[in-house]
Amino acid sequence: MTDSRREGEENLSSSPSSSALFVEIPHIVDGIKLNTTLQNLLEEAFDDEGKLSGKTFPFLGQLRAKVRTMKADILQTLDSIVQLPSIKSKLALESGGPLISEVASSNGAGRLVLPINPKYASALGIVHDSSRSGKTVYVEPSEIVGPTNDLRVVERDLEAEEARVWRLLTEQVWNNQRDLRASVQAVAQLDLCVARYTLGQRLEGVIPDVQDEGIISLRNAKHPVLLLRKMEKVVGSDISLGVDGKQGLVLTGPNSGGKTLILKLLGLLALMSRSGIPIPAEHGDMDGVYLPRVDFFDPVLADIGDIQSVDSDLSTFSGHMYICREVLALTKGGNGKNSLVLMDELGSGTDPNQGVAIAQALLEALLDTGCRVVITTHYMALKQLASSDDRFSVGGMQFVGGRPTYKLLPGVVGESYALAVAERLQLPQTVLDRASELLDSETRQMGDLISDLEDQKLLIDEQVVEIEERKKE
């Protein structure tokens, strides 16, 4: 804890004073409080190996030195005994085994013994054990019985002294338990601050502007998990929610185009912002040229993926409706003001006409509570909400050359490109041709129109970038 306090003070002194990540560190570091006497005692109580220090506790050191000397004397005596011709002839030789000339510790008493032929054992000392074959007994020579007994006495004194020192340390810790508990909590908070800062550095992130108006305004926001995987190119997206009264955002576009990824991105960034973790999004300097904004959302609610369950007797549609019911319950009565709701393929898993009707009714009910809602959909009726309800905006996932770019185009209604995706995944051409024939002309015309609009927007975006670059020159 002392080291943690020092590290906290060093981090504070070496960090930009304007960094929001370090604003709370002085208060946290102040919470690390140790009694000076206890602090000095604990710092000096242990040696470099983590054992009780014989230097700090001299009697402990004396006993340890005495034990080492006595053990060395016993080993020296045994070495002398083994070298005697009268003893060498009595050492046991197991069938096929080598002659054992080194002392060993018996399993029972832990005393030093020699392997001896059984017929000589009683005349040499105390028998402590024997081999399975009975051809060897393990004898403690009479010459070391007394010294070993003396060693055991000193070892017990050593154990008693170590216990006394541990009691002393324990009493000191117990007497300071209140400050220590507070210090442990402070160290945990400090560690959390460092972890948030470290993650933010890895993501090259920034602390966003956080208010309580339910607004998200991001430029080139990138998925943090993809960045941490060090993928070569992570596509960023511009995302706006809650601005100009737009409470809802409808994400459209092809399967495997990145709609669900945007949902998860929003959920992660909302939670990161709430937790004080820097987010990976474009930002200017801290003087206000541009700062991403992710307001404080609590709760963040999500319905993403298939929750079909045989055990719970839930179909895909039933599972989604169960979650929708829970979301409505959590956001009713004014509780939706700071809620962010993320729903993937709302209204799917049932008759399309009825699914659309239920989905739109749910969206309207959620917006009436003040929620911010983001959904993904392939339903044209939901795609058109932005034109019929001022509370909604729309965004489409870009699709170029028959392949998704994973870039979100704000204000664009994305085509589902089901045939293009099926072709990319190598569905048989005969099936693709027949599917194209079955599409009614109005659907084909709408798809072509959306595709043309996307191409035009892409061209305009490229021209805007070119103009901006010329201005810089």
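With UniProt numbering applied, the sequence shown corresponds to residues 1 to 473, in that order. Here a beta-carbon is modelled for each residue, glycine too, at the ideal position from N, C-alpha and C.
- Runs of the alpha helix (DSSP H) lying entirely within the segment 162-200, each at least 4 residues long, are absent.
- With fewer than 16 neighbouring CB atoms inside 10 Å of its own CB, Leu228 falls in the exposed class.
- When rounded, the separation of the alpha-carbon atoms in Ser393 and Thr260 is 17 Å.
- Pro118 is not a Cβ neighbour of Tyr138, given a cutoff of 8 Å.
- Residue burial is scored here from C-beta neighbours: Ala386 has at least 16 other C-beta atoms within 10 angstroms and is therefore classed as buried.
- By alpha-carbon distance to Gly267, the top candidate from Ile74, Val225, Lys471, Leu199 is Val225.
- Taking the Cα of Val29 as reference, the smallest distance to any Cα among His128, Ala182, Leu84 is reached at Ala182.
- Of the other Cβ atoms in all chains shown, 16 or more fall within 10 Å of the Cβ of His378; this residue is therefore buried.
- Secondary structure note for Ser348: it is in no beta strand (DSSP E), with a DSSP letter that is neither H nor E.
- For Val82, there is no enclosing beta strand (DSSP E); the residue is part of the alpha helix (DSSP H) that begins and ends at 58-83.
- Uninterrupted alpha helix (DSSP H) stretches at least 4 residues long and entirely within the segment 218-278 occur at 224-228, 259-274, given in chain order.
- For Leu251 against Gly395, the beta-carbon gap comes to about 6 Å, under 8 Å, which counts as contact.
- Taken through DSSP and simplified to helix, strand or coil, Arg132 comes out as coil.
- Bridge partners of Glu140 according to DSSP: Ile126.
- For Leu112 and Asp179, the gap between their C-alpha atoms comes out near 49 Å.
- By the neighbour-count criterion, in which 16 or more other beta carbons inside 10 Å mark a residue as buried, Gln429 falls on the exposed side.
- Per DSSP, reduced to three states, the secondary structure at Ile460 is helical.
- Gln39: member of the alpha helix (DSSP H) spanning 36-45, first to last residue.
- Inclusion of His320 and Asp295 in the CB contact set at 8 Å is not warranted, their separation being larger than that value.
- Scanning its chain for C-beta atoms nearer than 7 Å, with the 5 sequence neighbours on each side dropped, one finds no residue around Asn175.
- By alpha-carbon distance to Pro254, the top candidate from Val127, Leu41, Thr376 is Thr376.
- Relative to the Cα of Ser142, the nearest Cα in the group Val154, Val127, Glu161, Arg152 belongs to Val127.
- For Leu241 against Arg372, the beta-carbon gap comes to about 6 Å, under 8 Å, which counts as contact.
- The shortest C-alpha to C-alpha distance from Gln360 to any of Cys324, Leu330, Val165, Glu232 is the one to Cys324.
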